[in-house]
Every structure is written in structure tokens, then in C-alpha cells.
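S.K.: Quick one: structure below, then a few questions.
In full-length UniProt numbering, the protein residues as written are 1 to 67.
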């Protein structure tokens with residue numbers, strides 16, 4: 001899910017991210033939590049998924065990476 005979509009879901013629940021560019025600020029926070037052992041994994045530029053969930057086409061930690 002793109003950081004902009006995540007921000008929309010958070011805003012719908014009453015949460016906000018401070019700053020001139022809230023999507024960029026949220027992306028920075030998500031990126032910092034997408035490292036080894038973190039709750040998220042980065043799939044692309046500002047695109048994240050929960051760690052341990054299969055990625056596109058079944059690839060990822062649960063589905064295995066293509067050879």
C-alpha cells in the first residue's frame with residue numbers, strides 16, 4: 001500500500017501527520033520501520049506491506065523470492 005493510501009486510512013480514523021508534506025513525513029516513518037525485524041517491508045518507492053505477508057504474485061517472506 002502506498003504511503004498516501006495509508007495516510008488516508010489514518011486520517012479517516014482521526015490521526016494526522018504533522019508537516020508541510022504529510023505523505024513524505026509518513027513515508028520516512030514507515031521506511032525507518034521497514035528494516036530487518038521491523039513490522040513492515042518496503043516493496044517500492046513509498047510502498048509498504050506488513051512483514052511476513054506474501055508480496056505480489058506470492059513472492060516475499062511467506063511465499064519465497066524468485067530465483
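Virtual Cβ for every residue (Gly too), placed ideally from N, Cα, C.
Tell me, to the nearest whole angstrom, how far the beta carbon of residue 27 is from that of residue 46; I am working on the premise that it is less than 8 Å.
M.R.: Counted from its first residue, the chain shown places residue 27 at position 27. Counted from its first residue, the chain shown places residue 46 at position 46. At roughly 5 Å, the Cβ-Cβ gap stays under 8 Å, so residue 27 and residue 46 are in contact.
S.K.: Are there 16 or more other CB atoms within 10 angstroms of the CB of residue 11, so buried, or fewer, so exposed?
M.R.: By 1-based counting over the chain shown, the position of residue 11 is 11. Flag for residue 11 reads exposed.
S.K.: What residues match up with residue 47 in a beta bridge as DSSP calls it?
M.R.: Against the chain shown, residue 47 aligns to sequence position 47. According to DSSP, residue 47 bridges with 2 and 44.
S.K.: From residue 42 to residue 31, what does the alpha carbon distance come to, in whole angstroms?
M.R.: What you label residue 42 is simply residue 42 of the chain shown in a count that begins at 1. What you label residue 31 is simply residue 31 of the chain shown in a count that begins at 1. For residue 42 and residue 31, the distance between alpha carbons rounds to 7 Å.
S.K.: Output the distance between the C-alpha atoms of residue 39 and residue 8, rounded to the nearest integer angstrom.
M.R.: Within the chain shown, residue 39 is the residue found at index 39, counting from 1. Within the chain shown, residue 8 is the residue found at index 8, counting from 1. If you take the alpha carbons of residue 39 and residue 8, they lie about 20 Å apart.
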